[in-house]
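Engineer:
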Amino acid sequence: MKRTLTILLAMVVLLAAGDARAQKTLVAAQDDSPRMMNPHGDDSDAGLQYFANFFDGLLERKGPDGILSPALAVKWERLDELNWKFWLRQGVRFHNGNPFTAEDVKFTFERLSDPNVSEMVNTGKSIDSITIHDDYTLTIKTKAAVPWFVNNLHQIFIMDKEDTTTRDPGDVMVRPIGTGAYKFVEWVKGSYVKMAANEDYWEGAPPIKNVEIRPISESSTRFAALVSGQVAMLTGVPVELYDQISKNPQLEIVSKPARRAIFLALSNAPGTPMADIRVRQAIYMAIDEDEIIAKVMRGQAAPAAQIPDPPTIGYDAELKRLPYDPQKAKELLKAAGYEKGFAITVTGPNDRYIQDAKIAEAVAKYLAKVGIQATLDVKPKSIFFPQVNEGILQFYLIGWFDGTFDMGRTYAKLGHTRDKDRGFGELNGASYSDPEIDALIESTAVILDAKEREKQLQKLNRMAMVDKIVWIPLHYQMDVYAVRKDSQLNFQPRPDRWMIYKELSFK
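Letter 143 of the sequence shown, counting from 1, is numbered 143 in the working numbering, and no numbers are missing.
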């Protein structure tokens, strides 16, 4: 009897411990903070990854491979060049109890066109009509062929029509109500975001019941919070602290080659030096990318020969970087009529990418060695990105990965001549313009056969990176995280670097 009681008591203790672990709060430090909680008002990675915990899209990208999977839509079909049909998940409810229906999808996509609440206006304007067949079936028709339309739907988060239209707009900006795996608890700007598991989530309640995210932009402060045990994990391990963290027996480094390419964008305005392909080649060959990786990135990067990464449709494994050859660069400048060089400004952010300001500084120094008088102009991202959006820069450093995993969208947004009415070139910050590039970008959009379209996108990629040098690729970042071993956290990085907490659990 005594033995039986002992066993029962032990079982109770184990069950209690398991329940305690299930209820344990995860406190994580992220290097980005949200600007708002309106899921259409911020299309940056920093914002989208927060929204993805409170809201769902019609589709989602799952796990370490980013596989496009059903979410609020269980099935979809491209009917022709313009029409996409969706069958919606039934029985889903928003956090306020309202049922999810096709009306919410229609409202969401129409809302994208409103510049007062949306940074996704071009996506909204690309839609011609939305036809609701019943509560759980609808067709979306685009104005022109958008082959990557469905690939982007994990970033378009569905809002409750009734709630959004009746709630105070200011409240909508700060208190998210979606269908996501976590319900909003509290947000104190600059301090923390708290969320609790949605026990009625359509995919099943997430393993971790409470999450507190502390946005800490300053790297040493983020590191101190980890070492002291204030947080269980952190994102964005700075390269200068990599060795220190990896040698700490209490901490574990988790890394993944990033999809984000760091590159240089150039203007080709007529009458300027960079309108000459020989000058563009000279700038490319003047930059010692291997040294940047070794000294500036401390080895935490991989050289890039193009902007798309291997999972992206249109990536071309045959493309190679131009060699580092400063002597050849000088010869090209001389042949182009710039033997004595010319003046140029190297612009970039100083608080957005890993070592961004130091990379820009290194580029300026390399250009000076071949006779180009480079002036460095690095600034906060809050100032830099509006200049990119305006298309007023000459030569700048920026990073990019395409959330749709489709190179056609990358070139349409970054490489096409700026055309606001048709939604092209919105992030073409140097106002690069080439009719051949434009024509090829537009021609790929109407190709329905997937293999043929990928073939044409690779042709576009080769033309842009070799024949035209639309951009000068530098490297792919390494995404590096740190986790406290005593947290017993199961964590695998995603290819988009988003922190989706329903995918995490305690051991």
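Every residue, glycine too, gets a C-beta built ideally from N, C-alpha and C.
So what does DSSP say about Q488, is it helix, strand or coil?
Structural biologist: coil
Engineer: Determine the DSSP secondary structure at H154, reduced to helix, strand or coil.
Structural biologist: helix
Engineer: So who's on the other strand from G57, going by DSSP bridges?
Structural biologist: F157
Engineer: Kindly indicate which residue of A286, V27, W498 and F491 has the alpha-carbon position closest to the one of I213.
Structural biologist: V27
Engineer: Along the beta strand (DSSP E) that carries A28, what are the first and last residues, could you check?
Structural biologist: T25 to Q30
Engineer: Spell out a yes or no on whether the region 137-156 and the region 202-210 are touching, meaning 3 or more CB-CB pairs, one atom from each, closer than 8 Å.
Structural biologist: No, the region 137-156 is not in contact with the region 202-210.
Engineer: If we ignore side chains and look at the alpha-carbon of each, how far apart do Q23 and D32 end up?
Structural biologist: Its pLDDT being 49, under 50, Q23 is placed unreliably in this model, and the coordinates cannot settle the point.
Engineer: Is the closest heavy atom of the ligand MN to the C-beta of V483 under 8 Å?
Structural biologist: No copy of the ligand MN occurs in the structure displayed, which carries no ligand at all.
Engineer: Would you check if the region 459-474 and the region 210-228 touch, i.e. whether three or more CB-CB distances between them fall below 8 Å?
Structural biologist: no
Engineer: Can you tell which of A329, A412 and P303 has its C-alpha closest to the C-alpha of L457?
Structural biologist: Checking every option, the nearest Cα to that of L457 belongs to A412.
Engineer: Between the Cα of A360 and the Cα atoms of I292, K459, I245 and G391, which residue gives the shortest distance?
Structural biologist: I292
Engineer: Taking all protein chains shown into account, do 16 or more other C-beta atoms lie within 10 angstroms of the C-beta of H40, making it buried, or fewer, making it exposed?
Structural biologist: With 16 or more other Cβ atoms within 10 Å, it is buried.
Engineer: With D128 as the anchor, note down where its beta strand (DSSP E) starts and where it stops.
Structural biologist: In the DSSP annotation of this structure, the continuous segment of the beta strand (DSSP E) that includes D128 starts and ends at I127 to D134.
Engineer: Can you tell me whether L88 is buried or exposed? The criterion is at least 16 other CB atoms within 10 Å of its CB, across all chains shown.
Structural biologist: buried
Engineer: Taking the C-alpha atoms as reference points, what is the distance between Q373 and A362?
Structural biologist: 13 Å
Engineer: Is it a yes or a no for the region 389-406 touching the region 426-446, going by three-plus beta-carbon pairs under 8 Å?
Structural biologist: yes
Engineer: Do R93 and F100 count as a contact pair if the criterion is CB distance below 9 Å?
Structural biologist: yes
Engineer: Label D496 either buried or exposed according to how many other C-beta atoms from any shown protein chain fall within 10 Å of its C-beta, with 16 as the threshold for buried.
Structural biologist: Result: buried.
Engineer: Taking only three categories from DSSP, how would you classify M285?
Structural biologist: helix
Engineer: Three or more C-beta pairs under 8 Å: does that hold for the region 303-316 against the region 345-353?
Structural biologist: Segments in contact, no.
Engineer: Looking at the structure shown, is A22 part of a helix, part of a strand, or coil, going by DSSP?
Structural biologist: Below a pLDDT of 50, predicted positions are generally treated as unreliable, and A22, at 45, falls in that range; the measurement from the model is reported next regardless. Reduced to three states, the DSSP call for A22 is helix.
Engineer: For a cutoff of 9 Å on Cβ pairs, would you count A368 as touching chain C?
Structural biologist: Looking for chain C here will not work: only one protein chain is present.
Engineer: Are the CB atoms of A329 and A282 nearer to each other than 9 Å?
Structural biologist: yes
Engineer: List the endpoints of the continuous beta strand (DSSP E) containing P215.
Structural biologist: N210 to P215
Engineer: Since Q373 sits in a beta bridge, which residues does DSSP pair it with?
Structural biologist: Paired residues: A343.
Engineer: Can you look up L397 in the DSSP assignment and give me helix, strand or coil?
Structural biologist: strand
Engineer: Determine the burial state of H133: buried for a count of at least 16 other Cβ atoms within 10 Å of its Cβ, exposed for fewer.
Structural biologist: exposed
Engineer: One question on the structure: do V378 and A286 come within less than 9 Å of each other, judged by their Cβ atoms?
Structural biologist: no
Engineer: Which same chain residues, not among the five before or five after R409, have their C-beta less than 6 Å away from its C-beta?
Structural biologist: W148 and D402
Engineer: Please confirm whether N152 and T404 have their CB atoms less than 9 Å apart.
Structural biologist: Yes, these two residues count as a Cβ contact at 9 Å.
Engineer: Assess, as a yes-or-no matter, whether the region 62-70 is touched by the region 155-167 under the definition of 3 or more beta carbon pairs within less than 8 Å.
Structural biologist: no
Engineer: Any idea if S487 is buried or exposed, counting beta-carbon neighbours within 10 angstroms, 16 or more meaning buried?
Structural biologist: buried
Engineer: Let's test the definition: count the other Cβ atoms within 10 Å of the Cβ of A17 and tell me whether it reaches 16, buried, or not, exposed.
Structural biologist: Any answer about A17 is weak, because its pLDDT of 37 lies below 50 and its placement is not dependable; what the coordinates show is given next. Per the 10 Å Cβ criterion, exposed.
Engineer: At the level of alpha carbons, what is the spacing between K358 and K75?
Structural biologist: 46 Å
Engineer: For A197, does the three-state DSSP call read helix, strand or coil?
Structural biologist: strand
Engineer: Please identify the residue among I208, V211, T235 and K209 whose C-alpha is closest to the C-alpha of S217.
Structural biologist: It is T235 whose Cα lies nearest to the Cα of S217.
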